[in-house]
Amino acid sequence: MKLPRRTLLHLAAGAAALPALSRLASAQTYPARPVRIVVPVPAGLAPDIIARLIAQQLSERLGQTFIVENRPGSGNNIGTELVVRALPDGYTLLLATLPNAVNATLYDNLNFNFIRDITAVAGIMHTPLVMEVNPSVPAKTVPEFIAYAKANPGKITMVSGGNGSPPHVAGELFKMMTGVDMFHVPYNGNPLPDLLAGQVQVYFGLIPSSIGYIQAGKLRALAVTSSTRSQALPEIPTMSEFVPGYVASGWYGVGAPISTAAEIVNKLNEEIDAALTDSRMKARLADLGAEPMPMTPVEFGKFVADETEKWGKVVKFADIKVD
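Counting in our numbering, the sequence shown runs from 625 upward without gaps.
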């Protein structure tokens with residue numbers, strides 16, 4: 625039977641609309657089964673804690689289980705690639721962090737392109753680092769430290785949690801913007817014991833792990849690295865008050881495989897933004913020395929792209945190589 629041309633056109637239009645209708649229906653019923661959030665670091669570290677906080681909120685808000693799955697290894701790259709290769713159906717998400725932006729330049733042979741292969745979903749929070757020194761260092765302010773470092777080139781030891789880690793790149797940005805020369809020592813473990821003992825001099829550390837020592841006078845905080853003062857250490861100035869333009873915050877957000885339906889991305893974004901206004905969530909973030917970072921998917925995507933470009937310049941300037 626030969627169908628009239630008008631009928632054929634209607635059938636073709638209907639067929640073309642089916643994928644869009646299917647995506648819309650999936651978004652309306654999403655999530656219909658448990659969702660996993662891949663965290664590319666071991667359990668117990670800060671990214672894992674943040675992921676579990678947001679997973680709990682999303683589970684409560686969406687009535688479906690959000691499971692945290694730790695996939696550490698290769699400086700965050702194993703877990704990230706797992707998400708890149710996952711189906712773009714909204715059921716595999718990534719806890720994206722600052723190392724993802726750094727790794728784009730730090731690693732020469734990645735099997736993925738973070739900007740190209742991950743869809744930005746939402747920002748969660750940002751947390752400044754704190755530039756802290758052993759009290760044996762005579763400098764009590766950032767300008768005094770810069771002068772001391774320039775008078776003692778290469779004699780000050782800066783520690784970090786490894787080559788390319790947030791404390792490392794924050795320190796290298798400081799060196800790049802001030803022209804000071806410090807000797808970098810990467811640690812596989814926690815460098816705080818040696819800093820407390822005076823065996824090393826300076827560390828750009830996370831506020832939660834350092835604040836007790838700072839308040840007890842065992843370490844001296846010179847500056848926080850965010851653009852505004854930290855609520856956890858309100859009396860400590862920002863680095864940008866002395867080094868204009870310096871900002872180096874750790875950050876956390878959610879990504880999904882590229883081609884994940886916009887309807888699902890937007891739904892997750894709305895729920896994550898709403899979760900960040902929850903009083904319990906805000907209190908827990910404050911305990912971690914962090915501040916909420918709500919963003920639209922477009923805003924978070926631009927933020928990640930800007931961070932990737934920024935830290936790429938630092939990696940190249942300092943000629944940072946992976947361990």
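Glycine residues also receive a C-beta, built at the ideal position from the N, C-alpha and C atoms.
The three-state reading of DSSP puts Ile888 in helix, counting H, G and I together. DSSP places Tyr654 in no alpha helix (DSSP H); its state is neither H nor E. Taking the Cα positions, Pro918 is about 25 Å away from Phe828.
Looking only at Leu830, Glu859, His792 and Val783, the smallest Cα-Cα distance to Gly822 is reached by Val783. Annotated three-state conformation of Tyr715 is coil, per DSSP. Remark: fewer than three beta-carbon pairs, one from each stretch, lie closer than 8 Å, so the region 853–866 and the region 771–790 are not flagged as touching. Excluding sequence positions up to five before and after Gly874, its CB lies within less than 6 Å of the CB of Leu722, Thr751 and Pro790, all in the same chain and listed in chain order. Around Phe941, the same chain offers Glu796 and Met800 as residues with beta carbons nearer than 8 Å, after the five sequence neighbours per side are excluded. Looking at the backbone, the Cα of Ser854 and that of Met755 are separated by about 13 Å.
The C-beta of Asn700 has 16 or more other C-beta atoms within 10 Å across all chains shown, which makes the residue buried.
Taking C-beta atoms under 8 Å as the contact rule, Ile882 and Thr743 qualify, at a distance of about 5 Å.
Pairing Arg676 with Tyr715 gives a Cβ-Cβ distance that is not under 8 Å. Following the DSSP letters along the chain, one finds Tyr827 in no alpha helix (DSSP H) but inside the beta strand (DSSP E) bounded by residues Val826 to Leu830.
The distance from the Cβ of Pro921 to that of Leu900 is about 15 Å, inconsistent with a contact at the 8 Å cut-off.
In this structure, DSSP gives Ile860 a state outside helix and strand, which the three-state scheme calls coil. The Cβ atoms of Ser683 and Thr689 lie closer than 8 Å to each other. Straight-line spacing of the CA atoms in Val708 and Glu887 works out to 19 Å.
Only buried fits Glu705, as 16 or more other CB atoms lie within 10 angstroms of its CB.
The criterion of a C-beta distance shorter than 8 Å is satisfied by Lys764 and Arg844. In the DSSP annotation of this structure, the continuous segment of the alpha helix (DSSP H) that includes Pro767 starts and ends at Val766 to Ala775.
Residue environment for Thr884: buried (at least 16 other C-beta atoms within 10 angstroms of its C-beta). Phe798 and Pro767 have their C-alpha atoms some 12 Å from each other.
Scanning Ser851, Leu730, Gly841 and Asn890 for the CA closest to the CA of Glu933 turns up Leu730.
For Ile742, the enclosing beta strand (DSSP E) stretches over residues Ile742 to Val757. By the C-beta density criterion, Phe807 is exposed, having fewer than 16 other C-beta atoms within 10 angstroms.
The Cβ-Cβ distance between Val662 and Leu718 falls below 8 Å.
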